[in-house]
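Numbering (our numbering), first residue to last: 700 to 838.
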Amino acid sequence: MDNLPIKELIQTALDARKNAYAPYSHYQVGAALLSSDGTIYSGCNIENASYGATNCAERTAFFSAVSEGKRDFLAIAITGGLEGEEISDYAVPCGICRQIMQEFCGDDFQVIVAKSTEDFRQYPFSEILPFGFDGDKIR
Ligand code: THU
């Protein structure tokens with residue numbers, strides 16, 4: 700997809716990462732989700748002493764956007780790495796977050812994984828979750 704504000708999305712994800720609450724894993728993640736109306740929703744991971752209650756950065760961003768009435772999305776940027784260290788790798792979305800994307804995003808939703816505004820990779824959603832489960836069969 701052309702004309703995505705990729706650098707702005709990555710910078711927003713990097714800024715959101717500063718709010719990560721990750722006292723258990725020390726792995727801090729930030730995400731920035733672009734709505735089709737141009738609004739950017741950010742999110743960070745929010746951990747919990749009951750580990751399973753942890754929320755990933757991507758889901759935080761999606762839940763923030765959906766709770767404001769947005770249902771149509773173009774792209775998400777994700778940044779992650781260990782606290783106090785330079786980001787050394789691309790942080791790819793976990794399976795649960797991919798399933799959330801499946802609920803709200805089409806095949807050409809763009810997933811941008813970034814180490815910095817200059818160093819990133821971009822994948823269409825269909826490439827990172829082929830043959831996903833959706834609600835078509837549920838009534
Ligand atoms: N995490 C995310 O925020 N996004 C992902 O897609 C993968 C994992 C968070 C959850 C947890 O706080 C930490 O990274 C380590 O798993």
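Glycine included, C-beta positions come from ideal geometry on N, C-alpha and C.
| Asked | Found |
| --- | --- |
| Runs of beta strand (DSSP E) lying entirely within the region 714-749, each at least 3 residues, in chain order | 726-734, 739-743 |
| Counterpart residues of Pro792 in DSSP-defined beta bridges | Paired residue(s): none; Pro792 is not in a bridge. |
| N-terminal and C-terminal residue of the beta strand (DSSP E) that Ala774 is part of | 772-781 |
| Closer than 6 Å: Ser724 CB and nearest ligand 1 heavy atom | yes |
| Three-way DSSP call (helix, strand, coil) for Ile786 in this model | coil |
| Straight-line Cα distance separating Arg758 from Cys796 | 6 Å |
| beta-carbon Cys796 near ligand 1 non-hydrogen atom, thresh 6 Å | yes |
| C-beta contact flag for Leu708 and Gly729 at 7 Å | no |
| Contacting residues, own chain, Cβ-Cβ under 6 Å from Asp771 (five flanking each side not counted) | Ser735 |
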